[in-house]
Amino acid sequence: MKCSICEHDIDVDVYGWDQGHNADPFDGRCCASCNEVVVIPARLHRLTEMTASNHTRKLLEDGKADEAMEFVKKGNAEFSDRAKRGEVINLSDMIGMNETITQDIIRREQNETQD
Ligand SMILES: [Zn+2]
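Numbering-wise (numbering that gives the first Met the number 0), the sequence shown opens with residue 0 and increments by one.
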């Protein structure tokens, strides 16, 4: 069997498995090396994109990468506080909560500027 990404032969692993790895988000099956170097990073990237708030996305689109990173850090801190209080259950909650958290942070910062 050939790797669908690099087209080299997929090696038999230590367990005798010769069907390689699921290459999602790419098609077909891939070798161990492509799985590590290409597939897993692509999945992490997809996950990051899925969980980025619209506010962060907008900042990135506007070329404000530093501001976006700052905002992600604030969001993560807030997120981890809420997770500790047991408010996070699964990925879809995380995506929904990301928007809630974003709105909360923006509202808080607007209040601070008004004071
Ligand atoms: Zn490969």
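A virtual CB, placed ideally from N, CA and C, is assigned to each residue, including glycine.
(message) Is any non-hydrogen atom of ligand 1 found closer than 7 Å to the C-beta of I4, if you look at the structure I gave you?
(response) For ligand 1, at least one heavy atom lies less than 7 Å from the Cβ of I4.
(request) Give me the Cα-Cα distance between E108 and E35, rounded to the nearest whole angstrom. (result) Cα to Cα, the separation comes out at about 40 Å.
(request) May I ask you to report which of helix, strand or coil DSSP gives N75? (result) Three-state result, N75: helix.
(request) Would you check whether ligand 1 has a heavy atom nearer than 7 Å to the C-beta of H20? (result) No, the Cβ of H20 stays beyond 7 Å of every heavy atom of ligand 1.
(message) Would I4 and A31 be called neighbours here (beta carbons separated by less than 8 Å)?
(response) No, Cβ-Cβ distance for I4 and A31 is not below 8 Å.
(message) Rounded to whole angstroms, what is the Cα-Cα separation between A51 and C2?
(response) Cα-Cα distance, rounded: 31 Å.
(request) With a 10 Å radius around its C-beta and 16 neighbouring C-beta atoms as the bar for buried, classify V11 as buried or exposed. (result) In summary, V11 is exposed, with fewer than 16 beta-carbon neighbours lying within 10 Å of its beta-carbon over all protein chains present.
(request) Verify the contact flag: H149, CB atom, against every heavy atom of ligand 1, threshold strictly below 7 Å. (result) In the structure as shown, the chain starts at 0 and stops at 114, and residue 149 therefore has no counterpart that could be examined.
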